[in-house]
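Participant: Numbering (this note's numbering), first residue to last: 4 to 437. A virtual CB, placed ideally from N, CA and C, is assigned to each residue, including glycine. Pasting a structure below so you can have a look.
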Amino acid sequence: MSEPRPKVLILGAGFGGLWTARALRRFDADITLLDRNNFHTFLPLLYQVGAAELEPFAIARPVRTITRGQDNLHFLNADALRLDLEKKLVYTSHGVHAYDFLVVALGTVAWDFGTPGARDHAFPLKTLEDGIALRSHVLSRFETALHEPAAEKRASLLRFVVVGGGPTGVEYAGALSELVRGPLERDYPALAGEASIVLLEAGDRLLTAMSSRLSAYARRRLEKMGVEIRLGARVTAVWEDGVQLLEPAREGGSPDHRLGATTVAWTAGVQGPPVVRSWGLPVTPGGRVRVSGTLQVEDRPEVFIVGDLAQMPEGQDLPMLAQVAMQGGRHTARAIEAIHAGRSPRAFRYRDKGLLAVIGRNSAAARVAGRDFTGLPAWWLWLLIHIVYLIGFRNRFAVLLNWAWDYLFFERVARILLPFRRQAPAWPAETSDS
Ligand SMILES: Cc1cc2nc3c(=O)[nH]c(=O)nc-3n(C[C@H](O)[C@H](O)[C@H](O)COP(=O)(O)OP(=O)(O)OC[C@H]3O[C@@H](n4cnc5c(N)ncnc54)[C@H](O)[C@@H]3O)c2cc1C
Numbered sequence: 004m005s006e007p008r009p010k011v012l013i014l015g016a017g018f019g020g021l022w023t024a025r026a027l028r029r030f031d032a033d034i035t036l037l038d039r040n041n042f043h044t045f046l047p048l049l050y051q052v053g054a055a056e057l058e059p060f061a062i063a064r065p066v067r068t069i070t071r072g073q074d075n076l077h078f079l080n081a082d083a084l085r086l087d088l089e090k091k092l093v094y095t096s097h098g099v100h101a102y103d104f105l106v107v108a109l110g111t112v113a114w115d116f117g118t119p120g121a122r123d124h125a126f127p128l129k130t131l132e133d134g135i136a137l138r139s140h141v142l143s144r145f146e147t148a149l150h151e152p153a154a155e156k157r158a159s160l161l162r163f164v165v166v167g168g169g170p171t172g173v174e175y176a177g178a179l180s181e182l183v184r185g186p187l188e189r190d191y192p193a194l195a196g197e198a199s200i201v202l203l204e205a206g207d208r209l210l211t212a213m214s215s216r217l218s219a220y221a222r223r224r225l226e227k228m229g230v231e232i233r234l235g236a237r238v239t240a241v242w243e244d245g246v247q248l249l250e251p252a253r254e255g256g257s258p259d260h261r262l263g264a265t266t267v268a269w270t271a272g273v274q275g276p277p278v279v280r281s282w283g284l285p286v287t288p289g290g291r292v293r294v295s296g297t298l299q300v301e302d303r304p305e306v307f308i309v310g311d312l313a314q315m316p317e318g319q320d321l322p323m324l325a326q327v328a329m330q331g332g333r334h335t336a337r338a339i340e341a342i343h344a345g346r347s348p349r350a351f352r353y354r355d356k357g358l359l360a361v362i363g364r365n366s367a368a369a370r371v372a373g374r375d376f377t378g379l380p381a382w383w384l385w386l387l388i389h390i391v392y393l394i395g396f397r398n399r400f401a402v403l404l405n406w407a408w409d410y411l412f413f414e415r416v417a418r419i420l421l422p423f424r425r426q427a428p429a430w431p432a433e434t435s436d437s
């Protein structure tokens, strides 16, 4: 009698989960791929949704469409709620699912470091919904400011604070500056020159994962685009109409002071999804799951953690990047096939393809093959790589069309305030122990 086909359950259809599933397409198994959304999001372009540069549909694609034709795979649109490691069961919002191999690729969620008021008033930028909410909020500030006679209140309505000087913060500040100083100033001539963008970073430079040369370049470019950059500035509280800042090096005033702003985009921190903390997996204080060099969980060889959620052993730390998740997914597929065939899985080796951050029109910072690139060459590199990795011809076409339109006419196409817009931030639910 032939052996039953192994059951592979993959939690999360982001880069890690989807790439695992696709790399298993020839494996004789019953694969279930689960996600709470029926679509995969191309997160590297999410900031462009938040800056009204792209429509949300341009960076999202239905998982069923992506996996169409993969006969060994079944997609389940459900929330993963609970894990029973002993019985090898996952409880979801649509039933209980057994597995022989489990791949947990649930990514990370936005984290406010416990900053008072952040969950109520700051906008995270981590999901498609976040991007849409932030975009609506930014656009609505201009409509509201038109009716505000008091100059001080108008300044706070039109001050956009971006918290975090990593790649997302830098990219969003740049995109916001181009939106505000270009199309929005033309749409609202009465408010011309009144909007300001402030990028806050607690450390002493931007883009700390890149060289200091690239950090300095990013700073110079952003300042030229009219973004005010404050380094060594820590946000200690967020209010509806501003942030409390601690800036020890501030000259001419108290280091502990308040900055009026009704838009705070929070790109500063992430943590593992709170739900995972109660699953009995070895989690770090930041909620990520510790894995061995093969991406397996200790004493649970049938459980793999892929992508942002995986915390590699000390000294082998990997950045939270799409490439790490995709390569981790392919590695996990090979490892599952190896174990099923009675072989030991190999260690995961990440091939570093570099780091990129776009700053604005014709300017980006890139570290590729150990070399730094700036300006137009880096911008072209960024553009090509994002188009190549974006899934689906239609999405590529939509993004390219939008970019070409923006580039030629200095316009932003995604400026409609939808009637069902939500302007309140939506932070992930916390569990009692996180
Ligand atoms: C704004 C932004 C910009 C970025 N820019 C870049 C970039 O330029 N280059 C780069 O390399 N990387 C970039 N990254 C990082 C990159 O997107 C991540 O490293 C990558 O997405 C990690 O993949 P993952 O599979 O671990 O998680 P994700 O891609 O986040 O996928 C996790 C999936 O799990 C699902 N999920 C979560 N919890 C549950 C649950 N309980 N039940 C069901 N489903 C669930 C989610 O819906 C999601 O589909 C960026 C990230 C962000 C947020």
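Given this structure, state the Cα-to-Cα distance separating Gly20 from Arg349, to the nearest angstrom.
Facilitator: What you label residue 20 is simply residue 17 of the sequence shown in a count that begins at 1. What you label residue 349 is simply residue 346 of the sequence shown in a count that begins at 1. One C-alpha to the other measures close to 19 Å.
Participant: Taking 7 Å as the line, does the beta carbon of Val278 fall inside it for any heavy atom of ligand 1?
Facilitator: Here the question's residue 278 lines up with position 275 in the sequence shown. Under cutoff, so the answer is yes.
Participant: Regarding Asn41 and ligand 1, is the C-beta to nearest heavy atom distance less than 7 Å?
Facilitator: Numbered from its first residue, the sequence shown carries residue 41 at position 38. Incorrect: Asn41 has no Cβ contact closer than 7 Å to ligand 1.
Participant: For ligand 1, is there any heavy atom lying closer than 7 Å to the beta carbon of Gln274?
Facilitator: Counting from one through the sequence shown, the residue named residue 274 turns up at place 271. No - ligand 1 has no heavy atom lying nearer than 7 Å to the Cβ of Gln274.
Participant: Are there 16 or more other CB atoms within 10 angstroms of the CB of Asp436, so buried, or fewer, so exposed?
Facilitator: By one-based count along the sequence shown, residue 436 stands at place 433. With a pLDDT of only 43 at Asp436, under 50, the local geometry of the prediction cannot be trusted, and no value is derived from it.
Participant: DSSP three-state call for Gln274: helix, strand or coil?
Facilitator: Walking along the sequence shown from the start, residue 274 turns up at place 271. The answer is strand: DSSP assigns Gln274 an E or B state.
Participant: Can you tell me which of Glu56, Asn75, Arg280 and Asn41 puts its alpha carbon nearest to the alpha carbon of Thr68?
Facilitator: On the sequence shown, residue 68 is found 65 positions in, with the first residue counted as 1. Here the closest residue by C-alpha is Asn41.
Participant: My output table needs one value for Ser281: the three-state DSSP class, helix, strand or coil.
Facilitator: One-based indexing of the sequence shown puts residue 281 at position 278. Correct three-state label for Ser281: helix.
Participant: Would you kindly work out how many angstroms separate the C-alpha atoms of Glu174 and Tyr50, rounded to a whole number?
Facilitator: If you number the sequence shown from 1, residue 174 lands on position 171. If you number the sequence shown from 1, residue 50 lands on position 47. Going from the Cα of Glu174 to the Cα of Tyr50 covers about 7 Å.
Participant: Can you find a heavy atom of ligand 1 that lies under 7 Å from the Cβ of Asp87?
Facilitator: The residue you call residue 87 lines up with position 84 of the sequence shown. Residue side-chain check: Asp87 keeps its Cβ at 7 Å or more from all non-hydrogen atoms of ligand 1.
Participant: Just the C-alpha distance for Ala381 and Leu359, rounded to the nearest angstrom, thanks.
Facilitator: Position 378 of the sequence shown, counted from the first residue, corresponds to residue 381. Position 356 of the sequence shown, counted from the first residue, corresponds to residue 359. Looking at the two C-alpha atoms, the distance is approximately 8 Å.
Participant: State the DSSP-derived secondary structure class of Ser435, mapped to helix, strand or coil.
Facilitator: If you number the sequence shown from 1, residue 435 lands on position 432. With a pLDDT of only 42 at Ser435, under the threshold of 50, the placement of this residue in the model should not be trusted; the figure read from the coordinates follows. Coil at Ser435, not helix or strand.
Participant: Run the CB neighbour count on Ile1, radius 10 Å, all protein chains shown included, and call it buried at 16 or more, exposed below.
Facilitator: The chain is shown from 4 up to 437; residue 1 falls before or after that span and cannot be answered.
Participant: Just to check, is the beta-carbon of Phe351 closer than 7 Å to a non-hydrogen atom of ligand 1?
Facilitator: Indexing the sequence shown from 1 puts residue 351 at position 348. No, Cβ of Phe351 sits at least 7 Å from all heavy atoms of ligand 1.
Participant: Is the separation between the beta-carbon of Gly53 and that of Leu128 shorter than 8 Å?
Facilitator: The residue given as residue 53 occupies position 50 in the sequence shown. The residue given as residue 128 occupies position 125 in the sequence shown. Cβ distance < 8 Å, so Gly53 and Leu128 count as in contact.
Participant: Looking at the unbroken beta strand (DSSP E) that takes in Gly38, where does it start and where does it end?
Facilitator: Here the question's residue 38 lines up with position 35 in the sequence shown. According to the sequence as given, residue 38 is Asp; it is not Gly. Segment Asp33 to Asp38, the beta strand (DSSP E) holding Asp38.
Participant: Going by beta-carbon coordinates alone, are His77 and Thr35 separated by less than 8 Å?
Facilitator: By one-based count along the sequence shown, residue 77 stands at place 74. By one-based count along the sequence shown, residue 35 stands at place 32. Contact flag set, yes.
Participant: Taking just the CA atoms, how far does Ala195 sit from Leu411?
Facilitator: Taking the sequence shown and counting its residues from 1, the one referred to as residue 411 is at position 408. Taking the sequence shown and counting its residues from 1, the one referred to as residue 195 is at position 192. When rounded, the distance between both Cα atoms is 22 Å.
Participant: Around the C-beta of Leu14, are 16 or more other C-beta atoms found within 10 angstroms, so that it is buried, or is it exposed?
Facilitator: Counting from one through the sequence shown, the residue named residue 14 turns up at place 11. By the 10 Å Cβ count, Leu14 comes out buried.
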